[in-house]
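Here the structure comes first, spelled out in structure tokens, and everything after it is commentary.
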Amino acid sequence: LGTAGALVIYFWRDWLQVVQTLWNSIKEGEVRKGTDEWVNWLVIIGTIPAGLIGVFLQTPLEDLFASPLIAATFLVVNGSLLFLGESLRRRSEARFHASSAKEREAYFRPLSSLSWKEAVIVGLAQALALIPGISRSGSTMVAGLGVRLTHADAARFSFLLGTPIIFAAALLKVPALFHQSTSTLLLIFAGIVLSGIAAYLSVKFLTKYFEKGRLDPFAYYCWAGGLVSLGILIFVLHTHA
């Protein structure tokens, strides 16, 4: 709930526009590609794949991959996906255009130019996060770069896609709160507030960072964290064998 709340607060203008433009497009009975209405429908369309997969496969996937060793392994895999996505984007960019700044800018596409099929592809990438160790924002950003969005647009689209999914997942946990003691509820509330603050600051930093930054540092972080975790887990398993 804290993370979902932070995303809604940070992107409140975007979500207000989503509601307004969706209502307008429904009233008018048409959606023109390249408009704000089209972008907002892309957000809705891109959310559907991960939502459906989460409803039907979340529990089986959690049961299948419920192991710290597997999570650490997929953290390394996640780092490789981030590195590969960034490398392929830079290679494609270099092949696609000449050296002038104007032609380099022409390589990237605005978010409003995506087709609904491309939105579904990015949405499917979000479903990879059901596997422990795979980053939701990382996988959707790599998919966004794959359809030639800028880092900034890929990050924005990723966060917008993630908000309904994170919010829905949080709501599913709400019934369990009614069975907790008052002291436990206070601790949970404090955790929600702190996680919301941390998420807000993280989103603010990342949206600014990806105006010019790249995915490589996050790949190195995932590799380091995954490999260290694997080493510790293997050592512990070996000593207790």
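All letters in the sequence shown, in the order written, are residues 21 to 261 by this note's numbering.
C-beta: ideal position from N, C-alpha, C; glycine also.
Reduced DSSP secondary structure (H/G/I, E/B, other) of Thr55:
Of the three classes helix, strand and coil, the one that applies to Thr55 here is coil, per DSSP.
Residues in the same chain with beta-carbon distance under 8 Å from Gln200, minus the five sequence neighbours each way, listed in chain order, please.
Ile208
So is Val63 buried or exposed if we call it buried at 16+ other beta carbons inside 10 Å?
It counts as buried.
DSSP state of Leu82 mapped onto helix, strand, coil:
The amino acid at residue 82 is misidentified as Leu; the sequence shows Glu. Reduced to three states, the DSSP call for Glu82 is helix.
Is the beta carbon of Leu247 closer than 8 Å to that of Leu89?
no
Rounded to the nearest angstrom, what separates Gly71 and His260 at their Cα positions?
40 Å
Who are the Cβ neighbours of Ala190 in its own chain at under 6 Å, not counting the five residues just before and after it?
Leu21 and Ala24
Contact under 8 Å by Cβ, Gly164 with Thr93:
no
Relative to the C-alpha of Arg156, which candidate in Ala244, Gly182, Gly166 and His171 has its C-alpha closest?
Gly182
Considering only residues of the region 128-155, which uninterrupted alpha helix (DSSP H) runs meet the minimum length of 4 residues and lie entirely inside it, listed in chain order?
Counting whole runs of 4 or more residues, the region 128-155 contains the alpha helix (DSSP H) stretches 136-147.
Distance between beta carbons of Leu102 and Ala239, contact taken as under 8 Å:
Sure, about 4 Å apart at Cβ, within 8 Å.
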